[in-house]
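Novice: Pasting a structure here, questions to come.
Protein chains: 2
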Amino acid sequence: MEKNNFKILVVDDEPDIVEFIAYNLKKEGYDVCTANDGLDGIKIAEKEKPDLIILDIMMPRLDGVETCEHLRRNPMFKNTLIVFLTALGDEQSEIKGLNAGADDYIVKPIKPKLLLSRVNALLRRLQPTETVGKNQIGDFIIDMEQYLVHYKTEHYSLPRKEFELLNLLTSKPGKVFHRDDILNKVWGTEVIVGDRTIDVHIRKLRQRFGDEHIVTVKGIGYKFDS
Amino acid sequence: MEKNNFKILVVDDEPDIVEFIAYNLKKEGYDVCTANDGLDGIKIAEKEKPDLIILDIMMPRLDGVETCEHLRRNPMFKNTLIVFLTALGDEQSEIKGLNAGADDYIVKPIKPKLLLSRVNALLRRLQPTETVGKNQIGDFIIDMEQYLVHYKTEHYSLPRKEFELLNLLTSKPGKVFHRDDILNKVWGTEVIVGDRTIDVHIRKLRQRFGDEHIVTVKGIGYKFDS
DNA sequence: CACAACCTTAACCTATACTTAACATTCATC
DNA sequence: GATGAATGTTAAGTATAGGTTAAGGTTGTG
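The listed protein sequences correspond, in order, to chains S and D. Under the numbering used here, the residue at position 119 of the first sequence is numbered 119, and the numbers go up by one with no gaps. Under the numbering used here, the residue at position 221 of the second sequence is numbered 1221, and the numbers go up by one with no gaps.
The structure is reproduced here in structure tokens:
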């Protein structure tokens, strides 16, 4: 039921609406956190680093549009998806919202299924490489359907964690994945494993394919290099 | 007013609507091509490889939803944005459309400004990696994603503190960073280190790249100069 | 139920990034 | 040009992240 461990922050000053949205998102398998105004939302966003933020526009202290603009100024949230939620259905508000840097604009009253469809559609884009299919990188072909790795004419059937780790690293060759990110994406947020666990799996991959492909970046994480 | 040379394909069986949309997109600076039904749309999409496709739902031969599903089956269009355009404003149709793999769903009648805002919002996301994480200053390219520094054809993998220090200084070339600021941003507020620590790291950078790039401003701090 | 495959942990080891301390040098000011 | 504060330099010490190994635990399968 886990939905790729995406984290969503819901910001609205009406507790009923927050709870209603949170309930539906959780049911869909998302990791949800909440806040009840703009300032609070920014604080929690900085702490939780959500993948998507649902922002009510009309809120006390700091309204949704201002919150969005503030978030977008911070490079940390450059890739965070932002969805406005509002009772204002007029064209001008919607244009203003989207131009403020939002990715979508949903009009109240909230229809749960529609909300989920839109949220799913947005998050689908976040990791376009992790979808089902085949991914070719250098001498590697990662076959996600069969959990198989083809490497220089040979093909290997890796254990799940090893495969997912390799798949993550090869999804963006060259990019350094932070240890935290690796834990989140391969192990999930619920399970807490020791520090050495990642190393052991990295080691197994290196044993199989040679040391040259996975590069350690000390203090940060690992990257795949071809 | 060139808009990153994004290419948009507009598919609708009503020529007036196609022309109306194409006109507005071109005015915004997009490269536009058109088709007048689903089958035609697929053919042109394969040839033109657009970044975004606007699909009418009700069309002869092959309707929008079927066209979308067909496109999504082809890996070539895995990352292509698809927007449905329709007179059907009901919730069920919208959910069905989004679940078929579309990225957005816009209800007729078309409001040009709103359409553009939504199209802009979608395309804003398309290539976030090309600008994010890379910072070019003179002969330097700081690649935050790969934790690499490219300098005059060579590329270096720096230790963490060195990298972060260089990254800070190059983030605003010419600006003098106070020693206190450097300590806060690179070392954080919790750790307290001696005065000479900064100097030592500055020295390492100067050893690597030459003395000319990092300038000491006595009594204040350091700045990067190109 | 037994076995195998896999995952996680703990303990230890290693390498290197980081810090420090001691001394040298610069540079502005008198 | 002497003086002192700020910065440069060097090498040595320390801390820490990551590597390695084997053992114990978990899971799934016949």
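We put the CB at the ideal spot given by N, CA and C, even for glycine.
1. So, at 8 Å on beta carbons, what are the nonlocal neighbours of residue 1083 of chain D in its own chain, with the 5 sequence-adjacent residues on each side left out?
2. If you check the beta carbons only, do residue 1177 of chain D and residue 1221 of chain D fall under 8 Å apart?
3. Would you say residue 37 of chain S and residue 60 of chain S are within 8 Å of each other, going by their C-beta atoms?
4. Grab me the residues of residue 27 of chain S's own chain with a C-beta within less than 6 Å of its C-beta, minus the 5 sequence neighbours each way, in chain order.
5. Reducing DSSP to helix, strand and coil, say where residue 23 of chain S ends up.
6. Could you spell out the range, first to last residue, of the alpha helix (DSSP H) harbouring residue 1035 of chain D?
7. Would you mind sorting residue 18 of chain S into buried or exposed? The rule is 16 or more other CB atoms within 10 Å of its CB.
8. Could you tell me how far apart the beta carbons of residue 1169 of chain D and residue 1223 of chain D are, in whole angstroms, since I believe they sit closer than 8 Å?
9. Quick check on DSSP: helix, strand or coil for residue 136 of chain S?
10. Against chain D, does residue 5 of chain S count as a neighbour if the rule is that its beta carbon must be under 8 Å from one of theirs?
11. Could you check the C-alpha separation between residue 1209 of chain D and residue 1195 of chain D for me, to the nearest Å?
12. Measure the C-alpha to C-alpha separation of residue 1205 of chain D and residue 141 of chain S and round it to an integer number of angstroms.
13. My guess is that residue 1068 of chain D and residue 1100 of chain D are in contact by the Cβ rule of under 8 Å, so how many angstroms apart are they, rounded?
14. If you measure from the beta carbon of residue 1030 of chain D to each beta carbon in chain S, is any gap under 8 Å?
15. Bridge partners for residue 169 of chain S per DSSP, in chain order?
16. Mind listing which residues of the stretch 1091-1112 of chain D have their C-beta closer than 9 Å to chain S's C-betas, in chain order?
17. Does the beta-carbon distance from residue 138 of chain S to residue 1146 of chain D come in below 8 Å?
18. Quick one, are the C-beta atoms of residue 1161 of chain D and residue 1186 of chain D less than 8 Å apart?
19. Would you identify the three-state DSSP class for residue 130 of chain S, choosing helix, strand or coil?
20. Can you give the Cα-Cα distance for residue 1025 of chain D and residue 110 of chain S, rounded to whole angstroms?
21. Are the C-beta of residue 185 of chain S and some C-beta of chain D separated by less than 8 Å?
Specialist: So, from the listed chains and residues:
1. Short of 8 Å from the beta carbon of residue 1083 of chain D, and not among the five residues preceding or following it, lie these beta carbons of its own chain, in chain order: 1052, 1053, 1054, 1055, 1102, 1103, 1104, 1105, 1106, 1118, 1119, 1122.
2. A contact, by the Cβ cut-off of 8 Å.
3. Residue 60 of chain S is positioned such that its CB atom lies closer than 8 Å to that of residue 37 of chain S.
4. Taken in chain order, the list of residues that qualify is empty.
5. Three-state DSSP puts residue 23 of chain S in a helix.
6. Per DSSP, residue 1035 of chain D lies in no alpha helix (DSSP H) segment; the continuous beta strand (DSSP E) that holds it begins and ends at 1031-1035.
7. Buried is the call here.
8. Indeed they touch by this definition, with Cβ atoms about 7 Å apart.
9. Secondary structure of residue 136 of chain S (DSSP, three-state): strand.
10. Taking 8 Å as the CB threshold, residue 5 of chain S stays off the interface with chain D.
11. Their Cα atoms are separated by approximately 23 Å.
12. Their Cα atoms are separated by approximately 39 Å.
13. Their Cβ separation, rounded to whole angstroms, is 5 Å, which keeps residue 1068 of chain D and residue 1100 of chain D in contact under 8 Å.
14. No, because no Cβ of chain S sits closer than 8 Å to the Cβ of residue 1030 of chain D.
15. Partner residues in a beta bridge of residue 169 of chain S, as assigned by DSSP, do not exist.
16. Within the stretch 1091-1112 of chain D, 1091, 1092, 1094, 1095, 1096, 1097, 1098, 1099, 1101, 1102, 1103, 1104, 1105, 1111 place their CB atoms closer than 9 Å to a CB of chain S, listed in sequence order.
17. In this structure, residue 138 of chain S lies away from residue 1146 of chain D, with their beta-carbon atoms at least 8 Å apart.
18. When the beta-carbon positions are compared, residue 1161 of chain D and residue 1186 of chain D come within less than 8 Å of each other.
19. For residue 130 of chain S, the predicted model reports a pLDDT of 45, less than 50, meaning its position is unreliable and no value from the coordinates is stated.
20. Rounded to the nearest angstrom, the two C-alpha atoms are 31 Å apart.
21. So no, residue 185 of chain S is outside the interface.
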